[in-house]
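**Q** Everything in the sequence shown is counted per the numbering used here, starting at 609 for the first residue and increasing by one. Beta carbons are placed, not taken as given, at the ideal position from N, Cα and C, and that holds for glycine. Okay, here's the structure, questions in a sec.
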Amino acid sequence: VVTDDFPAFFIPAMIRLASNQIPVRFEKVDSNGILPMRSTDRVFTTAFSFRAYLHNNLRDHLSIFPKQNPLSGIDLPKLSELPKKLTDKWPSALPILRSKDDKFLKALDIDHTVKESFILGGSKAAKKSLDLFLKSNLIQYKDLGNDPDENVRSELSPYLHFGHISSHHVFKQIVKQEEWNPSHLSAKGGGKREGWWNMSPAAEAFLDQLITWREIGYNMCSKTLDYDRYDSLPSWAKVSLNKHAQDKRSFVYSLEEFQSCKTHDALWNAAQNQLNNEGRIHNYLRMLWGKKILEWCETPQEALKVMIELNNKFALDGRNPNSYSGIFWVLGRYDRPWGPERPIFGSIRYMSSANTQKKLNVKKYLAKYGVDSNTQGEFNFSESKPE
Numbered sequence: 609v610v611t612d613d614f615p616a617f618f619i620p621a622m623i624r625l626a627s628n629q630i631p632v633r634f635e636k637v638d639s640n641g642i643l644p645m646r647s648t649d650r651v652f653t654t655a656f657s658f659r660a661y662l663h664n665n666l667r668d669h670l671s672i673f674p675k676q677n678p679l680s681g682i683d684l685p686k687l688s689e690l691p692k693k694l695t696d697k698w699p700s701a702l703p704i705l706r707s708k709d710d711k712f713l714k715a716l717d718i719d720h721t722v723k724e725s726f727i728l729g730g731s732k733a734a735k736k737s738l739d740l741f742l743k744s745n746l747i748q749y750k751d752l753g754n755d756p757d758e759n760v761r762s763e764l765s766p767y768l769h770f771g772h773i774s775s776h777h778v779f780k781q782i783v784k785q786e787e788w789n790p791s792h793l794s795a796k797g798g799g800k801r802e803g804w805w806n807m808s809p810a811a812e813a814f815l816d817q818l819i820t821w822r823e824i825g826y827n828m829c830s831k832t833l834d835y836d837r838y839d840s841l842p843s844w845a846k847v848s849l850n851k852h853a854q855d856k857r858s859f860v861y862s863l864e865e866f867q868s869c870k871t872h873d874a875l876w877n878a879a880q881n882q883l884n885n886e887g888r889i890h891n892y893l894r895m896l897w898g899k900k901i902l903e904w905c906e907t908p909q910e911a912l913k914v915m916i917e918l919n920n921k922f923a924l925d926g927r928n929p930n931s932y933s934g935i936f937w938v939l940g941r942y943d944r945p946w947g948p949e950r951p952i953f954g955s956i957r958y959m960s961s962a963n964t965q966k967k968l969n970v971k972k973y974l975a976k977y978g979v980d981s982n983t984q985g986e987f988n989f990s991e992s993k994p995e
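This is the structure in structure tokens:
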């Protein structure tokens, strides 16, 4: 039996239970990223230190990629059909999924308040998104990647999360477009974001997200059991947050108010509205989204609960190590102390909607996702469905 080696959600516990019950050889395969999770026992606490490790060690892994058909040439016995006792116990879901009858879905014990996202899943949709990114958006990624109105992000995170596309395939397509090979690697990297790959600045910026920032989360989740708990934060962050835990909050919102986009902040409401209806938030605004939750909750512990609940409930890439990296980054993980100290935040990095709107273009974003007192939580799908 072969299964995925995934370090978050219920998968590790499921694998442990299964390994004690399956009477045949049981293999778990790590296909999560370019760097195998078990290539090091070290838990990295900053992107810089992880990037420096990659610069010293990733070269050897760039020539060991998954085979397209690893079982070719092997003569394995094939079943003409599955045993009846298996199909009786676990009948195929395909006929139900292909039908237009939604009675089966309605009968499932799930939260039916979460709307269906119009974003298509599957490997074809994933490759289409990648092709569009490479053809039209990669060249602008470094300069406009943080701009919500331009929206030149790859939007591959959900596809990577569900295995509809692999980071190996994404990397190979980048390499192909850049006409690159490992001989181009710099002898020295030193943890810097640019220069080691010797690719275009846009490609290097994207690979830093795809490999450094994505895989540092897998490193954390595969090495620690408390990756989703407040106590796992760096000591300096916990000390600073606890010091300011009793600071007066100008606004305090409940989980229900956050979920319903009922804050005083139009940009934050728009970000939550996008999450509610699409299952994603523009990457830069996702950081702002978390910072404001920290500012508007009674305690940092409550803020963490709210972020995890909203993210895991609505985000298509929820429960992913990369999601936990983003949530805990809001509270200081992978970051450093910032001065001067501020109320509520202490030494935690601060972000504001006002500064974001000065720095970036959000007019189109607000027009598309913005809500008002009469339409909070609602969204016009007809204006957003792809052609």
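#1: Leaving aside the five residues before and after Arg822 along the sequence, list all residues of the same chain whose C-beta is less than 6 Å from its C-beta, in chain order.
#2: What is the C-beta distance between Asp757 and Lys972, in whole angstroms, given that I count them as a contact (C-beta under 8 Å)?
#3: Could you spell out the range, first to last residue, of the beta strand (DSSP E) harbouring Glu635?
#4: Starting from Asp612, follow the beta strand (DSSP E) in both directions and report where the run begins and ends.
#5: What do you reckon, is the C-beta of Asp717 under 8 Å from a heavy atom of the ligand NAD?
#6: When the Cα atoms are used, what is the spatial distance from Leu841 to Trp937?
#7: Pull the bridge partners of Gly954 from the DSSP assignment, please.
#8: Relative to the alpha-carbon of Ile773, which residue among Ser671, Thr871, Phe634 and Leu738 has its alpha-carbon at the smallest distance?
#9: Given 8 Å as the limit, is there contact between the stretch 761 to 770 and the stretch 801 to 808, that is, 3 or more CB pairs closer than that?
#10: I'd like to confirm the pairing. Which residues does DSSP put opposite Tyr977 in its beta bridges?
#11: With a Cβ-Cβ cutoff of 9 Å, do Tyr892 and Asn677 count as a contact?
#12: Where do the ends of the alpha helix (DSSP H) carrying Tyr767 lie?
#13: So, helix, strand or coil for Tyr942, using DSSP?
#14: State yes or no: is the C-beta of Gly887 within less than 9 Å of the C-beta of Met915?
#15: Looking at C-alpha atoms only, which residue of Gly825, Leu742 and Gly799 is the closest neighbour of Lys784?
#16: Could you say if the stretch 942 to 962 and the stretch 787 to 802 meet the contact criterion of at least three C-beta pairs nearer than 8 Å?
#17: Which value, in whole angstroms, describes the spacing of the CA atoms of Tyr661 and Ser744?
#18: Can you tell me which of Gly926, Asp925, Asp873 and Tyr932 puts its alpha carbon nearest to the alpha carbon of Asp836?
#19: For Thr654, which of helix, strand or coil comes out of DSSP?
#20: When the distance is taken between beta carbons, is Asn919 closer than 9 Å to Asp883?
#21: Which whole-angstrom value describes the C-beta separation of Ala874 and Leu974, a residue pair presumed to lie in contact below a C-beta threshold of 8 Å?
#22: By the 10 Å Cβ neighbour count, where 16 or more other Cβ atoms means buried, how is Pro703 classified, buried or exposed?
#23: Do you know offhand how far Cys829's Cα is from Pro615's?
#24: In three-state DSSP terms, what is Ala621?
#25: Does the stretch 666 to 673 touch the stretch 630 to 645, meaning 3 or more C-beta pairs lie closer than 8 Å?
**A** In this structure, then:
#1: Asn930
#2: The C-beta distance from Asp757 to Lys972 rounds to 4 Å, short enough to meet the 8 Å contact threshold.
#3: Boundaries of the beta strand (DSSP E) around Glu635: Glu635 to Val637.
#4: Val610 to Asp612
#5: Questions concerning the ligand NAD fall outside what the structure shown contains, since it holds no ligand whatsoever.
#6: 9 Å
#7: Arg950
#8: Leu738
#9: At 8 Å Cβ cutoff, the stretches do not touch.
#10: Tyr977 is not bridged to any residue.
#11: Cβ atoms of Tyr892 and Asn677: not closer than 9 Å.
#12: First-last of the alpha helix (DSSP H) with Tyr767: Ser765 to His769.
#13: strand
#14: In this structure, Met915 does not lie closer than 9 Å to Gly887 by Cβ.
#15: Leu742
#16: no
#17: 32 Å
#18: Residue Tyr932 is the option with its Cα nearest to Asp836.
#19: strand
#20: The amino acid occupying residue 883 in the given sequence is Leu; Asp does not appear at that position. In contact: Leu883 and Asn919 (Cβ atoms closer than 9 Å).
#21: 6 Å
#22: exposed
#23: 6 Å
#24: Ala621: helix per DSSP, three-state reduction.
#25: yes
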